[in-house]
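Protein chains in written order, with my numbering: chain P, 42 to 248; chain H, 42 to 248.
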């Protein structure tokens with residue numbers, strides 16, 4: 042039996058994505074060619090193109106994976122048995138931490154995110170709307186159990202999501218971490234921002 | 042009497058800045074050379090360098106001029122005789138409008154702002170701190186006259202400033218206006234964001 046027969050197209054896609062992600066992180070999105078990814082996998086570029094029509098399609102697949110992970114993280118928070126204010130706080134703190142952990146190791150990942158945001162906007166937009174819906178669920182729960190004042194959960198969730206761009210928008214997180222004025226104290230500064238913005242949102246929800 | 046004697050070094054700096062700004066807006070920061078600016082002024086590049094050591098120094102001077110304008114705008118709002126909630130709202134609405142008007146005509150201006158933010162961070166940082174102080178003044182006034190609950194004005198102003206990154210941060214305003222998914226409806230969308238974020242901040246300040 043030929044061992045190659047066991048590799049499904051799905052396996053191949055996963056391998057290509059993993060090797061590409063490693064290259065994008067180490068060398069940078071712009072400087073990585075499909076030929077480099079193919080060489081690292083011991084295959085021809087033409088073979089890679091059988092699975093992905095372009096480098097940007099590979100990048101979009103990587104970002105799609107990140108979006109799925111974020112979706113799972115948020116669904117997990119929403120399902121927790123916690124008082125509504127704590128759950129709301131967990132939403133902002135853990136989402137910020139996730140993005141920061143994803144962006145912090147290598148600022149080259151930032152290019153990937155920017156490319157994906159530019160090229161794959163409908164997916165990102167749908168993802169943002171899904172995040173706002175989860176947030177609306179948490180807020181609606183708090184309105185129902187009396188923790189929060191009576192607001193329209195969807196409308197307030199939209200406002201709260203927009204008000205947290207400083208701590209949730211990948212571009213701003215990366216700017217805070219990687220721009221020329223980045224200092225070792227900036228991580229603590231971002232923690233303070235998360236704290237302040239969450240407190241402001243909770244104050245706006247006080248009954 | 043030689044008419045040239047009437048041109049002071051300050052006049053020359055102003056002329057260079059004006060011509061450079063026009064070039065940066067029309068051709069783009071990256072594609073404009075100091076030689077182009079010099080040619081448009083009918084002088085040699087060496088003569089331009091007598092006034093500014095580099096292209097980036099000219100850019101910083103342009104951005105400095107914008108920062109001064111913003112400072113005057115905010116000081117004007119703070120001095121108005123208005124109920125505190127209206128004054129707070131004017132701060133966010135008018136500052137957003139100013140940035141949008143400065144960014145909207147030519148997205149090439151965006152490069153200038155990004156370069157300045159990267160190269161001239163202490164000035165931008167000082168500018169942000171000055172904006173937060175003006176905001177703290179408006180909030181402190183509202184606390185004193187009973188319009189707002191008792192908060193620490195400086196601390197709350199910092200939080201409110203961070204919570205308005207979506208509507209005040211040049212990078213995000215430009216992204217909303219110029220990214221590939223920009224649609225004619227986006228201006229109205231940004232107006233809605235200003236409305237929602239301001240309402241959220243005012244709700245957090247309710248007594």
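Glycine included, C-beta positions come from ideal geometry on N, C-alpha and C.
Everything numeric in this text was worked out from a predicted model, so none of it was measured.
- For the 8 Å CB-CB criterion, residue 198 of chain H and residue 176 of chain H form a contact.
- Contact check for residue 170 of chain H and residue 208 of chain H: beta-carbon distance about 19 Å, past the 8 Å limit, so the pair fails to qualify.
- In terms of Cβ geometry, residue 133 of chain P and residue 214 of chain P do not form a close pair [threshold 8 Å].
- For residue 111 of chain P, the uninterrupted alpha helix (DSSP H) segment begins and ends at 96-119.
- When C-alpha distances from residue 135 of chain H are compared across H/153, H/124, H/114 and H/77, the shortest belongs to H/114.
- Distance from the CA of residue 196 of chain H to the CA of residue 180 of chain H, rounded to the nearest whole angstrom, comes to 10 Å.
- In the three-state reduction of the DSSP assignment, residue 197 of chain P falls in the helix class.
- Using a Cβ-Cβ cut-off of 8 Å, residue 107 of chain H does not count as an interface residue toward chain P, since no Cβ of chain P sits closer than that to its own.
- In this structure residue 201 of chain P is not in contact with residue 243 of chain H, their Cβ atoms being roughly 14 Å apart against a cut-off of 8 Å.
- The C-beta distance from residue 61 of chain H to residue 78 of chain H rounds to 5 Å, short enough to fall under 8 Å.
- Looking at the backbone, the Cα of residue 143 of chain H and that of residue 100 of chain H are separated by about 15 Å.
- In the assembly as shown, residue 49 of chain H is an exposed residue. Its beta-carbon has fewer than 16 other beta-carbons within 10 Å.
- Interface with chain P (8 Å Cβ-Cβ cutoff): residue 114 of chain H is excluded.
- With a contact defined as Cβ atoms closer than 8 Å, residue 58 of chain P and residue 103 of chain P qualify at about 6 Å.
- In this model, residue 206 of chain P and residue 206 of chain H are separated by some 6 Å (Cα to Cα).
- Counted as a single uninterrupted DSSP element, the alpha helix (DSSP H) harbouring residue 207 of chain H occupies residues 206-209.
- When Cβ-Cβ separations below 8 Å define contact, residue 168 of chain P makes no contact with chain H.
- Within the same chain, Cβ atoms closer than 6 Å to the Cβ of residue 75 of chain H are found at 86, 89 and 96, the five residues on either side in sequence being excluded.
- The C-beta of residue 129 of chain H comes no closer than 8 Å to any C-beta of chain P.
- When 8 Å is used as the limit between beta carbons, residue 212 of chain H is near these residues of chain P: 212, 213 and 216, in chain order.
- About 31 Å separates the CB atoms of residue 141 of chain H and residue 190 of chain H; that is not less than 8 Å, and the two are not in contact.
- Bounds of the alpha helix (DSSP H) holding residue 183 of chain P are 162-185.
- Taking residue 174 of chain H as reference, the option from H/184, H/187, H/125 and H/116 with the minimal CA-CA separation is H/116.
- As the crow flies, the alpha-carbon of residue 127 of chain H is around 29 Å from that of residue 105 of chain H.
- In the three-state reduction of the DSSP assignment, residue 140 of chain H falls in the helix class.
- A Cβ-Cβ distance of about 6 Å is found for the pair residue 165 of chain H and residue 158 of chain H, placing them in contact under the 8 Å criterion.
- For the options P/80, P/139 and P/183, the alpha carbon positioned closest to that of residue 109 of chain P is the one of P/139.
- Under the three-state reduction of DSSP output, residue 49 of chain H falls in the coil class, being neither helix nor strand.
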